[in-house]
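K.L.:
Going by the working numbering, the first residue of the sequence shown is number 2, and it counts up by one from there. Beta carbons: idealized from backbone N, C-alpha and C, even for Gly. These figures come from a predicted structure and were not determined experimentally.
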Amino acid sequence: MAAKNGHSVEDDAVEWFVLLRDASATDEDRARFLVWRDADPAHARAFGEIERLWNHLDHVSPQSPGLLGPGREDVSRKMPSHTSPSNAIGGHALSFNSKVTFSSKVTAAALVLCGLLIWAWMPHDFADYRSGIGERRTVLLDDNSEVELGTATAIDVAFSPTHREVRLLEGEAFFTITKDAARPFIVATPQGEIEVRGTAFNVKITDAVAVAVAEHGVTVRSAGGATASVQQGKMVRFDQKTVSPASNADLEAIQAWRRDQLVFIDTPLETVLTDLRRYRRGRIDLLSAVAGQKRITAVFEKNRIDDALDTIAESLDLRVIRATSLFTALVTN
Numbered sequence: 002m003a004a005k006n007g008h009s010v011e012d013d014a015v016e017w018f019v020l021l022r023d024a025s026a027t028d029e030d031r032a033r034f035l036v037w038r039d040a041d042p043a044h045a046r047a048f049g050e051i052e053r054l055w056n057h058l059d060h061v062s063p064q065s066p067g068l069l070g071p072g073r074e075d076v077s078r079k080m081p082s083h084t085s086p087s088n089a090i091g092g093h094a095l096s097f098n099s100k101v102t103f104s105s106k107v108t109a110a111a112l113v114l115c116g117l118l119i120w121a122w123m124p125h126d127f128a129d130y131r132s133g134i135g136e137r138r139t140v141l142l143d144d145n146s147e148v149e150l151g152t153a154t155a156i157d158v159a160f161s162p163t164h165r166e167v168r169l170l171e172g173e174a175f176f177t178i179t180k181d182a183a184r185p186f187i188v189a190t191p192q193g194e195i196e197v198r199g200t201a202f203n204v205k206i207t208d209a210v211a212v213a214v215a216e217h218g219v220t221v222r223s224a225g226g227a228t229a230s231v232q233q234g235k236m237v238r239f240d241q242k243t244v245s246p247a248s249n250a251d252l253e254a255i256q257a258w259r260r261d262q263l264v265f266i267d268t269p270l271e272t273v274l275t276d277l278r279r280y281r282r283g284r285i286d287l288l289s290a291v292a293g294q295k296r297i298t299a300v301f302e303k304n305r306i307d308d309a310l311d312t313i314a315e316s317l318d319l320r321v322i323r324a325t326s327l328f329t330a331l332v333t334n
């Protein structure tokens with residue numbers, strides 16, 4: 002909704018919220034705010050929504066994907082066959098919502114607010130190798146094995162004449178391992194480890210560890226001792242106690258990040274947003290538990306996360322609120 006000053010009502014609500022939280026706010030400022038708030042019910046609703054955003058800063062927990070069913074959205078059906086994902090996402094024209102413009106009087110307070118709203122991704126600064134947000138990086142190891150690091154990923158490497166180990170500290174990586182009968186290769190994670198001798202496979206850390214095998218096979222061991230063999234074309238998830246049964250792996254979708262794409266097939270919105278957060282600085286919140294369970298099938302470009310959010314919002318009848326590039330929320334209409 003547009004406001005008379007050219008901003009959206011949400012923009013004005015953010016400005017008022019920032020101003021009123023500033024110690025320099027005067028009685029006159031508060032009186033002007035009350036006039037603005039009471040002038041239109043939409044103003045009061047927008048301001049209340051900003052207050053609610055402030056009070057609900059915790060992320061929504063991700064869920065595992067399931068099967069298509071009632072109430073689940075297939076965004077890809079909205080994509081015309083003649084349109085490539087680089088020009089449109091989910092078949093919708095790409096657009097950027099205008100960012101909040103702060104007046105000079107609230108600039109300092111806005112900076113304080115934005116600082117408090119930042120979702121603080123803390124990289125492992127002392128890791129042997131790491132990639133930045135949205136970055137892909139390939140590391141060639143001493144044994145000619147390759148590790149391709151996905152976005153916001155960190156690894157430590159420990160090689161010796163009898164030992165080869167890479168510790169995946171966070172993120173996602175694709176491993177192409179050279180065969181060495183005398184030195185098995187270990188990928189260690191906080192939840193357990195993967196042992197291989199010569200193979201190619203993808204590992205992703207979220208709430209658990211997902212392993213998908215592209216060539217040959219691997220052995221997975223949880224920290225609690227559960228063990229499973231995973232063969233080519235299969236995948237498992239494991240945590241510190243258990244290893245899931247092996248299932249068929251959609252290797253094209255799983256490896257899409259290596260082509261700078263994000264592919265989601267019948268995936269809950271909560272899980273989609275968990276992935277999108279890894280590709281964009283700033284915080285992304287969803288303030289709707291019901292919407293979080295709706296399912297998405299779509300292909301997004303890694304460098305167009307804001308466009309992806311706009312498409313998701315349009316497809317699921319949500320609204321995007323942006324308080325600068327540092328904080329974005331999806332809310333119900």
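With DSSP as the reference, please indicate the residues paired to N203 in a beta bridge.
P.N.:
Reading the sequence shown from its first residue, position 202 is the one you call residue 203. Beta-bridge pairing links N203 to F175, A213.
K.L.:
Taking the continuous beta strand (DSSP E) assigned at S316, which residues delimit it?
P.N.:
Taking the sequence shown and counting its residues from 1, one reaches residue 316 at position 315. Element bounds for S316: not the beta strand (DSSP E) but the alpha helix (DSSP H), 306-316.
K.L.:
Touching or not, the stretch 160-169 and the stretch 211-224, by the rule of three or more beta carbon pairs under 8 Å?
P.N.:
Result no; under three Cβ-Cβ pairs closer than 8 Å.
K.L.:
Near A243, which residues of its chain fall below 8 Å by C-beta distance, leaving aside the five closest residues on each side in sequence?
P.N.:
As a working note, residue 243 is residue 242 in the sequence shown. Correcting the residue type first, residue 243 is Thr in the shown sequence and not Ala. Closer than 8 Å at Cβ, skipping near neighbours: S223, G225, A227.
K.L.:
Can you round the beta-carbon distance between L1 and G234 to whole angstroms, since I take them to be within the 8 Å contact cut?
P.N.:
A question about residue 1 goes unanswered here, because the residues of the chain that appear run from 2 up to 334.
K.L.:
Which one of F186, E136, S326 has the shortest CA to CA distance from R260?
P.N.:
As a first step, residue 260 is located in the sequence shown; it is residue number 259 there, counting from the start. In terms of CA proximity to R260, E136 leads the group F186, E136, S326.
K.L.:
Using 10 angstroms around the beta-carbon of F328, count the other beta-carbons present and answer buried if the total reaches 16, otherwise exposed.
P.N.:
Within the sequence shown, the letter at position 327 stands for residue 328. So F328 counts as buried.
K.L.:
For P42, which of helix, strand or coil comes out of DSSP?
P.N.:
To locate residue 42, count along the sequence shown from 1; it is residue 41. Looking at P42 - three-state DSSP - the assignment turns out to be helix.
K.L.:
CB-CB under 8 Å to A182, same chain, minus the five flanking residues each way: which ones, in chain order?
P.N.:
One-based indexing of the sequence shown puts residue 182 at position 181. Excluding positions up to five away in sequence, the list reads R198.
K.L.:
Under the rule that 16 or more other beta-carbon atoms within 10 Å means buried, what is V19, buried or exposed?
P.N.:
Numbered from 1 along the sequence shown, position 18 holds the residue referred to as residue 19. Buried is the call here.
K.L.:
Contact check, S132 vs T177 under 8 Å by CB: the rounded distance?
P.N.:
If you number the sequence shown from 1, residue 132 lands on position 131. If you number the sequence shown from 1, residue 177 lands on position 176. So it is not a contact: roughly 17 Å between Cβ atoms.
K.L.:
Taking G293 as part of the alpha helix (DSSP H), name the residues at either end of that continuous run.
P.N.:
What you label residue 293 is simply residue 292 of the sequence shown in a count that begins at 1. 290-293 is the span of the alpha helix (DSSP H), which, as asked, contains G293.
K.L.:
Rounded to whole angstroms, what's the CA-CA distance from D208 to E29? Just pull it up for me.
P.N.:
Residue mapping note: residue 208 aligns to position 207 of the sequence shown, counting from 1. Residue mapping note: residue 29 aligns to position 28 of the sequence shown, counting from 1. Answer to the nearest angstrom: the Cα atoms are 49 Å apart.
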